[in-house]
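Chemist: Input: one structure, supplied below.
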Amino acid sequence: MAASIKDVAKEAGVSIATVSRVLNDVDVVNEETKKKVREAIKKLEYRPNIVARSLKTQRTRTIGIIVPDISSQFYPEIVRGAEDVSNIYNYNVILCNTDLDPQKEIEYLRVLREKMVDGVIYMSSSLGEDIIKVLNDLSMPTVLVETRGKDFGFPSVTIDNEKAAYDATEFLIKKGNKKIAFIGVNPDTANASGIRIFGYKKALLDNGIEYDDNLVQFGGLKAADGRDGMEAILNKGKIDSVFCCSDEIAMGVINTLRAKGIKVPEDVDVIGFDNIYSSSIYYPNLTTVEQPMYDMGSVGMRMLIKKINKAELETEHIVLDYKIIERDTCKK
């Protein structure tokens, strides 16, 4: 039979209330007594009744993580960073994959509330008014990761996506390129990648290159979106380079160019975004903008745990560094 809190109290020679205080990290218990209780817990292999404990404390030490597409190589590394920090602070994680479906997001949020999670790490490309209303109505501490934060009133962790896109576009311009295509996501999306088109446009303007709608295609962030976008652009004219809003898009672009006998980088330079694992083993190795994916998850989780514990955040919106990783898909 599993040990009870009463058994632990008897083994440690203390009251049940004292064991409870130790379990709940109440500071009134001295260190010697805490040590006795912890030794008794270990000896008896006691596990607290989480359901009963959460009903009393209104805490479950559980955090929900909402991910738009777990099949992407981008999000798992963020989740890894978040989970590593949650483990340090003894929180469990419930992972919810929404398949980019706003209705699934809403349903998962309600499920997480029913599960009495202490807070939510939220990644989404569909943060519409209906979802914002649900988040506010459910009153769960929430931190946005790789989703626009300042626009929606929630703490957030991102990079400066507009500046990163500007730098990537200027990187291509400095290679001598003038006909620079853009394949990415619509700026109306809540996902921070939607901002990248503005950096692309500004870099063209600052370098005296006219913006051309024919060189721009919006879609998703998958290789298939790169393929379809590249096909559409090539049907309208010639290009000398492509800025892609994800590494997966870049792979779809390169496959399409290769199929048409167009060489990368001899004929067309291609730069991706994210620096996912496969970007370094894909052939040719991708030049890309590196996002600190692990750090985005770990920083976001630390922010959320502070929010859960009602600690003050030093800043509501954290912007992490990025860098361009130069490999083999752009001319040297």
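Residue numbers for the sequence shown follow the working numbering, beginning at 95 and rising by one. C-beta: ideal position from N, C-alpha, C; glycine also. Keep in mind it's a predicted model, so treat the numbers as computed, not measured.
(1) I believe V279 touches C339 by the beta-carbon criterion, under 8 angstroms. Please report the beta-carbon distance rounded to the nearest angstrom.
(2) Tell me, please, whether the stretch 167 to 184 touches the stretch 195 to 205 by the rule of three or more beta-carbon pairs shorter than 8 angstroms.
(3) Hey, how far is the Cα of Y140 from the Cα of R155?
(4) Taking C-beta to C-beta, are K277 and M324 nearer than 8 angstroms?
(5) Straight-line CA distance for K417 to V362?
(6) Going residue by residue through the stretch 269 to 303, where are the continuous alpha helix (DSSP H) segments of at least 4 residues, counting only ones entirely within it?
(7) Would you mind reading off the limits of the alpha helix (DSSP H) that contains I112?
(8) Determine the closest residue to D334 out of L238, S392, K268 and T382, with distance taken between C-alpha atoms.
(9) May I ask you to report which of helix, strand or coil DSSP gives L149?
(10) Between the alpha carbons of M249 and A259, how many angstroms are there, rounded?
(11) For E54 and Y183, I'd like the C-alpha separation in whole angstroms.
(12) Looking at D300 and D341, is the spacing between their C-beta atoms short of 8 angstroms?
(13) Anyone know if the C-beta pair for A286 and E360 falls short of 8 angstroms?
(14) If I'm right that K272 touches I303 with Cβ under 8 angstroms, what's the distance once you round it to whole angstroms?
(15) Residues bridged to G366 by DSSP?
(16) Locate the alpha helix (DSSP H) running through N349, then write down its first and last residues.
(17) Tell me, please, which residues DSSP counts as bridged to Y216.
(18) For A111, which residues from the same chain have a beta carbon less than 6 angstroms from its beta carbon, with the 5 sequence-adjacent residues on both sides left out?
(19) Quick one: what does DSSP say K417 is sitting in, helix, strand or coil?
(20) Any heavy atom of the ligand FAD within a distance shorter than 7 angstroms of the CB on Q167?
(21) What's the gap between the Cα of A134 and the Cα of I375?
(22) State the beta-bridge partners of S373 as determined by DSSP.
(23) Would you mind working out which of R242, V161, K227 and K136 sits nearest T192, comparing C-alpha positions?
(24) Measuring only the C-alpha atoms, how far is D415 from A275?
Modeler: Answer, in terms of the structure:
(1) The count along the sequence shown starts at 1 and reaches residue 279 at position 185. The count along the sequence shown starts at 1 and reaches residue 339 at position 245. That pair is a contact at about 6 angstroms.
(2) By the Cβ rule, the stretch 167 to 184 does not count as touching the stretch 195 to 205, because fewer than three pairs are nearer than 8 angstroms.
(3) Mapped onto the sequence shown, residue 140 falls at position 46. Mapped onto the sequence shown, residue 155 falls at position 61. Cα-Cα distance, rounded: 17 angstroms.
(4) Position 183 of the sequence shown holds residue 277. Position 230 of the sequence shown holds residue 324. The residue you asked about is not Lys; residue 277 is Ile in the sequence shown. In contact: I277 and M324 (Cβ atoms closer than 8 angstroms).
(5) Residue numbering aside, residue 417 sits at position 323 when the sequence shown is read from its first letter. Residue numbering aside, residue 362 sits at position 268 when the sequence shown is read from its first letter. If you take the alpha carbons of K417 and V362, they lie about 22 angstroms apart.
(6) Annotation note: the stretch 269 to 303 contains the following uninterrupted alpha helix (DSSP H) runs of length 4 or greater, listed N- to C-terminal: 290 to 300.
(7) Residue 112 sits at position 18 when you count from the first residue of the sequence shown. The sequence shown places Thr at residue 112, rather than the Ile named in the question. DSSP places T112 inside the alpha helix (DSSP H), whose first and last residues are I110 to L117.
(8) Residue mapping note: residue 334 aligns to position 240 of the sequence shown, counting from 1. If we check each option's Cα against that of D334, K268 comes out closest.
(9) Start at 1 with the first residue of the sequence shown, and residue 149 comes out as number 55. Confidence in L149 is poor, its pLDDT being 48 and thus under 50, which makes the residue's placement unreliable; the coordinate value appears in the next sentence. Helix, per DSSP.
(10) Position 155 of the sequence shown, counted from the first residue, corresponds to residue 249. Position 165 of the sequence shown, counted from the first residue, corresponds to residue 259. As written in the sequence, residue 249 is Pro, which differs from the Met given in the question. Cα to Cα, the separation comes out at about 23 angstroms.
(11) Outside the shown range of the chain (95 to 426) lies residue 54, about which nothing can therefore be said.
(12) On the sequence shown, position 247 is the one that residue 341 refers to. On the sequence shown, position 206 is the one that residue 300 refers to. No, the Cβ-Cβ distance between D341 and D300 is not below 8 angstroms.
(13) Within the sequence shown, residue 286 is the residue found at index 192, counting from 1. Within the sequence shown, residue 360 is the residue found at index 266, counting from 1. No, Cβ-Cβ distance for A286 and E360 is not below 8 angstroms.
(14) Translated into the one-based positions of the sequence shown, residue 272 becomes position 178. Translated into the one-based positions of the sequence shown, residue 303 becomes position 209. Yes, K272 and I303 are in contact; Cβ-Cβ is about 6 angstroms, under 8 angstroms.
(15) Looking up residue 366 in the sequence shown gives position 272. Beta-bridge pairing links G366 to T382.
(16) Here the question's residue 349 lines up with position 255 in the sequence shown. Per DSSP, N349 belongs to the alpha helix (DSSP H) from D341 to A353.
(17) By 1-based counting over the sequence shown, the position of residue 216 is 122. When beta bridges are read from the DSSP output, Y216 appears opposite I160 and L238.
(18) The sequence position of residue 111 within the sequence shown is 17, counting from 1. Excluding residues within five positions, none has a Cβ falling inside 6 angstroms.
(19) If you number the sequence shown from 1, residue 417 lands on position 323. If DSSP states are grouped into helix, strand and coil, K417 belongs with the strands.
(20) Questions concerning the ligand FAD fall outside what the structure shown contains, since it holds no ligand whatsoever.
(21) Counting from one through the sequence shown, the residue named residue 134 turns up at place 40. Counting from one through the sequence shown, the residue named residue 375 turns up at place 281. If I take the Cα positions, the gap works out to 51 angstroms.
(22) The sequence position of residue 373 within the sequence shown is 279, counting from 1. For S373, which the question treats as bridged, DSSP gives no partner whatsoever.
(23) For the purposes of this step, residue 192 is taken as residue 98 along the sequence shown, with counting starting at 1. T192 has its Cα closest to that of V161, out of R242, V161, K227 and K136.
(24) Start at 1 with the first residue of the sequence shown, and residue 415 comes out as number 321. Start at 1 with the first residue of the sequence shown, and residue 275 comes out as number 181. Near 25 angstroms, if we compare the C-alpha coordinates of A275 and D415.
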